[in-house]
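Below is one structure; the comments refer to it alone.
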Amino acid sequence: MSHTRTDAASSLDASRRARELTEATDGRVVDVLVVGLGATGAGVALDAAARGLDVVAVDAHDLAFGTSRWSSKLIHGGLRYLASAQFDVAHESAVERGVLMTRTAPHLVSAQPFVLPLTPLVSRAQASLAWAGLRAGDVLRLAARTPRQVLPAPRRLTATEARHLAPSVRPAGLRGGLLSWDGKVTDDARLVTALARTAAVHGARVLTRVRALELTGAGARIRDELTGAEGEIRARAVINASGVWAGDLVEGIRIRPSRGTHLVLRSERLGTLPAGLHIPIPGETNRFVLVLPQGDGRVYVGLTDEPVEGDIPDVPEVPETDIGFLLDVLGSALDTPVTRDEVVGAFAGLRPLLDTSGQDGRGGEAARTSDISRRHAVLTSPDGVTTIVGGKLTTYRRMAQDAVDAATAARGLPAAPSRTAALPLVGAASPARLRALPAPPRLVRRYGTEAEAVQALMTADPALAEPVLPGHPVTRAELVWAARHEGALDESDLLDRRTRIGLVPGDRAEALGMAREVLAEAAAVGS
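If you count the sequence shown from 1, position 437 lands on 436 in numbering that gives the first Met the number 0, and the numbers rise without skipping.
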């Protein structure tokens, strides 16, 4: 398995955007217009383009601007859904996890070990229930036909083994631990970038900074956010994949957003972390706070599940109550609790949960958001706009497939069956080929086969090997690559999405100068 059509076919940059925006608004009628370029929207663009359809995909901001960059970076097997008897969602999640890990994105999605430490706060009954859940998760893996060598079996740990894998856990009263494995994506925003670029390989026009002002079943009135110019994109089918903003574009769509908050800590604060942690939330039977080592000098701690009322912001704020909650749960298991001033960053994403309560969609009398189903839904408006909502990062591919199926059926468009379950993304290759690449493992985990090209930039110009900021592994070459090939148009694209430097405000401020230099150089080359 490999993907070799990179270079011009998959490269997104400012000049390509300008050219394809002109084409999209010249009066022609395309087959499919996709609104939203998060994981689901980029997945829809890829699914439709891979079927041979003429596709335009737009976003008012950037690739992965919304919820898709604020996830836990996990590709879940669906274990939590078994506890609430959502067997179809659990099985779908496990299947999609296997697709990503073995076929479409093994360079970006790999196995992540987790330890659930059996502290005095975890009763023996809770431990037994957790162990039964982990065993059930392994049954899901088997049902999804994900090989054991990809996801090892769960097992019990002695107290010594648990301390070895989780040295920051309080040793007093530690009875042992439970070791399990799940999927982890190197970076959720990089997954979206790979999806968008693979869609471009198949002919999709991927247009960021293009806002849909009004949607109908025949297209959209749009505005170029870079110039202010307005125009129209005409389409035979329109798919609304704008996530938490879906109800702003199509009447009758009620979203009940749920806020998931994560903290960002420096890795040295928790020491070496060979595995992530599952820390049970007191009083809950099936919810955990996750400690997620990132391999870039940072650790994420999350996450919350709180309903959000009122207008939906472009970038959600993190309330102090969420930070306090996560620190309290973390402190219940650590030998030395983390203090507020050790939190160097925090981020929150809004899950686009479909409100089926019959209320107004913003915090009515329905169950709490943690209990709302993560099933996705495909809805068709009276004038023919197809909207895809709900779901989660892991199941983006199946969501996209269902949305394209529904839209083409509703509008009578002939389309081949979906191909994306076996279609490698840009950079994908077999594990053996990835291991053999003459590039640093960190680059391979982020770029796959394209790591060679990123490394070649540094070889040709040693100045590009310079770190963007001291103590962080991202180099100037990666910023250059993002501007030349990954559609980055401004410093926010570079620092907040193509790399994740911006998750720590202090680091972002320090890196801003270099980001601006790289963009100026890219503009000079492109002019």
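Glycine residues also receive a C-beta, built at the ideal position from the N, C-alpha and C atoms.
Boundaries of the alpha helix (DSSP H) around Q400: Y395 to R410. Close CB contacts of V54 within its chain, under the 6 Å cut and outside five residues either way in sequence, are with V31, A44, A47, A48 and A203 (chain order). A straight line joining the alpha-carbon of G296 with that of V503 spans about 11 Å. Assignment of beta-bridge partners to L115 by DSSP yields L177.
L424 and Q454 have their C-alpha atoms roughly 20 Å apart. Contact between A195 and L463 does not hold, since their C-beta atoms are separated by about 24 Å, which reaches or exceeds 8 Å. Assigned with DSSP and collapsed to three states, A211 falls in strand. Membership of R220 in the beta strand (DSSP E) is indicated by the continuous run G218 to D223.
The Cβ-Cβ distance between A124 and A193 does not fall below 8 Å. Of the other Cβ atoms in all chains shown, fewer than 16 fall within 10 Å of the Cβ of P146; this residue is therefore exposed. Contact between L150 and A110 holds: CB atoms are separated by about 5 Å, below the 8 Å threshold. When rounded, the separation of the alpha-carbon atoms in A63 and A245 is 15 Å. With fewer than 16 neighbouring CB atoms inside 10 Å of its own CB, V524 falls in the exposed class. In the three-state reduction of the DSSP assignment, L291 falls in the strand class, which pools E and B. For P430, no beta strand (DSSP E) segment is defined; the enclosing uninterrupted segment is the alpha helix (DSSP H) at P430 to A435. Minimum Cα-Cα distance from Q148 among the listed residues I254, A508 and D137 corresponds to D137. Take L291, set aside five residues on each side of it, and the residues of its chain with a beta-carbon closer than 7 Å to its own are S71, K72, G275, V298 and Y299, in chain order. The C-alpha of E449 lies about 20 Å from the C-alpha of K183.
Within the model, the alpha-carbon separation for A165 versus R432 is close to 32 Å. As computed with DSSP, K183 is found in a beta bridge with L73 and S109. Within its own chain, the residues whose Cβ lies closer than 6 Å to the Cβ of T185, once the five positions on either side in sequence are excluded, are L107, R444 and R445, listed in chain order. L442 is positioned such that its CB atom lies no closer than 8 Å to that of A482.
Burial check for E485: the Cβ neighbour count within 10 Å reaches 16 or more, so the residue is buried. When secondary structure is reduced to three states using DSSP, A376 falls in the strand class. Closest option to L478, judged by alpha-carbon separation, among A211, D61, R162 and A514: A514. Linking V200 to G51 through their CA atoms gives a straight-line distance of about 12 Å. Annotated three-state conformation of S241 is coil, per DSSP.
Per DSSP, L502 has no beta bridge partner at all. If only complete runs of 3 or more residues are kept, the region 127-161 shows the beta strand (DSSP E) at 154-156, in order along the chain. Annotated three-state conformation of F86 is helix, per DSSP. Distance between V94 and L436, taken at the CA atoms: about 28 Å. By the Cβ neighbour-count rule, R434 is exposed, with fewer than 16 other Cβ atoms within 10 Å of its own. Rounded to the nearest whole angstrom, the C-alpha separation of L36 and T207 is 8 Å.
R410 places its beta carbon 8 Å or farther from that of V343.
Taking a contact as a CB-CB distance under 8 Å, the pair S331 and I252 does not count as one, their CB atoms being some 39 Å apart. By the beta-carbon neighbour count (other beta carbons within 10 angstroms, threshold 16), T157 is exposed.
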